[in-house]
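Residue numbers (UniProt numbering): 1 to 572.
Each residue gets a CB set at the ideal place from its N, CA and C atoms; glycine is no exception.
Every value quoted in this text rests on a predicted model; they were computed, and no experiment measured them.
Please read the structure below before turning to the comments.
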């Protein structure tokens with residue numbers, strides 16, 4: 001039997017092995033220079049491996065059973081073909097056709113399965129859930145020719161296939177890609193002498209625009225840590241008008257030293273304050289923006305839509321509450337309503353009043369017998385109210401004590417100073433017109449073509465599924481197209497090369513990853529605030545005190561038992 005190529009001969013034997021329910025492996029290949037002269041393909045259970053460890057200590061399974069099944073392939077120089085010169089069909093082990101598809105060599109992931117795995121991994125769906133979705137779609141485990149381990153292996157080897165040496169280069173390429181998409185993407189790097197990353201900071205265009213509205217109060221957190229390189233991950237987080245956390249910037253730091261924080265905050269200042277947003281909008285060209293929508297702003301978009309198309313009913317008959325209902329987003333109006341409901345537990349008493357300036361004492365009932373007292377001042381001339389609890393000054397929400405005083409004073413219209421534009425649903429914020437920096441996946445050309453074909457075929461399949469006649473027409477068309485494509489493929493007998501398009505980034509290619517460390521979880525040497533340390537010490541002292549008391553009680557009990565035993569022996 002002759003074959004055009006060595007690959008065709010190997011494929012023929014693999015197909016036979018699948019039908020006969022065994023798997024194969026290449027046992028040896030003989031070459032002359034760079035040319036292959038012959039090849040031996042055997043059953044995967046050929047040979048016998050003997051462990052140096054005695055069976056009583058280690059009893060791991062072994063596949064080797066000296067199976068003689070094999071084929072010998074060699075080339076014919078004159079003809080330029082390959083021939084199978086020797087065949088052994090007997091096996092030293094039983095073959096089970098029903099289990100052939102579960103052998104490792106015959107388990108395979110189709111292009112459709114691979115693209116689904118890649119998309120689910122990008123969306124953050126766990127491999128187990130991805131596999132279960134395949135099982136449900138196929139109608140059971142028996143209908144699949146792969147197992148969950150194959151899904152996990154594909155994710156590890158293909159989807160996350162970035163070596164340690166390439167991590168820094170890929171990170172640099174990502175930053176440059178985002179910069180090319182939008183010139184207002186900001187990043188800075190500080191490198192060590194060996195070109196490894198020491199400090200990094202970046203903020204996308206949407207985050208920079210959001211800072212204009214939500215940069216009044218910022219949280220900088222360095223709790224998180226990257227396991228592989230022990231880099232501290234810092235995040236600049238603000239609060240938007242829905243009360244949701246919004247990311248304003250990110251950083252990576254090799255250490256938490258003073259100089260690192262100085263550099264980082266210099267980058268933050270340069271990014272946040274030294275800008276002209278009119279030029280920014282002009283350069284950005286919002287009207288022609290065709291970016292794919294990022295997921296980070298999706299929650300804010302949904303909340304904005306809900307604010308304009310739905311209304312939360314007022315909890316009271318107060319006209320002041322109606323003012324907040326008309327102006328505030330749903331999330332903030334719910335906080336205001338909580339204060340209006342809490343107003344029912346408040347008792348207001350006038351202490352003194354002069355020239356329109358009144359001082360009230362508001363008692364808030366927190367339990368059946370406990371009242372917390374707060375001093376509230378009200379200036380009727382300036383329409384200003386101020387409470388001792390300072391909720392408005394700290395949270396931007398008028399407290400229940402101030403609302404109780406306003407109700408006592410029969411104020412029907414609240415001063416605009418207490419309806420903050422920051423929480424308003426009517427203000428058109430520029431950052432909502434800017435998409436988050438969303439990196440397109442680096443797919444092979446074949447994967448891109450596959451996605452395009454699937455997208456176009458969905459409408460055809462949906463239309464054809466309406467009746468049996470339409471479905472039959474589509475089946476015939478599929479058969480004709482498949483036959484035409486197979487004929488073209490057989491005619492060409494060529495293979496297409498699959499490779500990523502590497503960017504021409506000379507400076508980025510010099511980047512080196514930081515030294516890798518071995519660690520699990522966040523190290524215990526994180527810099528904490530003074531309050532964190534005080535709480536930890538207090539908890540530790542409390543535990544120590546309780547443990548000491550338990551020990552004392554235990555020794556007292558032992559001593560009493562010992563005395564009782566001695567007295568009893570003495571009486572005997």
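- Secondary structure note for residue 43: its beta strand (DSSP E) is the uninterrupted segment 35-43.
- Spatial neighbours of residue 224 in its own chain (CB-CB distance under 6 angstroms, excluding positions within 5 residues in sequence) are listed in chain order as 233.
- Scanning the region 196-238 for uninterrupted beta strand (DSSP E) segments of 3 residues or longer gives 197-203, 219-225, listed from N- to C-terminal end.
- Assignment of beta-bridge partners to residue 30 by DSSP yields 38.
- Per the coordinates, the alpha-carbon of residue 110 lies some 50 angstroms from the alpha-carbon of residue 266.
- Spanning the alpha carbons of residue 204 and residue 536 requires a straight line of approximately 37 angstroms.
- Inter-segment contact for the region 130-146 and the region 73-83 is absent: fewer than three beta-carbon pairs are separated by less than 8 angstroms.
- Residue 73 is not a Cβ neighbour of residue 19, given a cutoff of 8 angstroms.
- In this structure, the straight-line span from the alpha carbon of residue 415 to that of residue 404 is close to 15 angstroms.
- Residue 75 and residue 39 have their C-alpha atoms roughly 9 angstroms apart.
- The way I'd put it, the region 391-399 does touch the region 334-346; three or more beta-carbon pairs between them come closer than 8 angstroms.
- For the pair residue 201 and residue 269, the Cα-to-Cα distance works out to about 12 angstroms.
- Listed in chain order, the beta strand (DSSP E) elements of length 3 or more contained wholly in the region 67-141 are 70-76, 81-88.
- Excluding residues up to 5 positions away in sequence, 23, 24 lie with their Cβ nearer than 7 angstroms to the Cβ of residue 17 in the same chain.
- The residues 464, in chain order, have a CB closer than 6 angstroms to that of residue 471 in the same chain once the five nearest residues on each side in sequence are set aside.
- For residue 5 and residue 30, the gap between their C-alpha atoms comes out near 16 angstroms.
- By the Cβ-count criterion, residue 42 is buried, with 16 or more other Cβ atoms from all chains shown falling within 10 Å of its own Cβ.
- When the five nearest sequence neighbours on each side are left out, the beta carbons in the same chain lying within less than 7 angstroms of the beta carbon of residue 361 are those of 349, 351, 373, 375, in order along the chain.
- Around the beta-carbon of residue 371, fewer than 16 other beta-carbon atoms lie within 10 Å, marking it exposed.
- Of the candidates 100, 93, 180, 354, 100 places its Cα closest to the Cα of residue 15.
- Counting C-beta pairs closer than 8 angstroms gives fewer than three between the region 82-96 and the region 134-150, which falls short of the contact rule.
- Residues of the same chain with a CB within less than 8 angstroms of the CB of residue 473, apart from the 5 flanking positions on each side, are 464 in chain order.
- The beta carbon of residue 26 is closer than 6 angstroms to those of 41 in its chain, skipping five residues each way along the sequence.
- Its chain contains 319, 320, 323 as the residues whose beta carbon lies nearer than 8 angstroms to that of residue 413, once the 5 sequence neighbours on both sides are disregarded; these appear in chain order.
- Look at residue 398 here: in three-state DSSP terms it is coil, with no helix or strand label.
- In the three-state reduction of the DSSP assignment, residue 175 falls in the helix class.
- Of the residues assessed, residue 343 falls on the buried side of the cut-off, its CB having 16 or more other CB atoms within 10 angstroms.
- Its Cα nearest to that of residue 196, the residue 167 stands out among 221, 389, 167.
- Take the alpha-carbon of residue 48 and the one of residue 198: they are about 51 angstroms apart.
- In this structure, the CA atom of residue 256 is about 13 angstroms from the CA atom of residue 220.
- Here residue 363 carries a strand assignment [DSSP, helix/strand/coil].
- Relative to residue 357, the option among 385, 317, 145 whose CA is nearest is 385.
- Residue 354 and residue 409 have their alpha carbons spaced roughly 14 angstroms apart.
- With a cut-off of 8 angstroms on Cβ pairs, the region 234-248 is not in contact with the region 177-191, counting fewer than three such pairs.
- Residue state for residue 1 is assigned as coil, using DSSP reduced to three classes.
- As the crow flies, the alpha-carbon of residue 211 is around 7 angstroms from that of residue 248.
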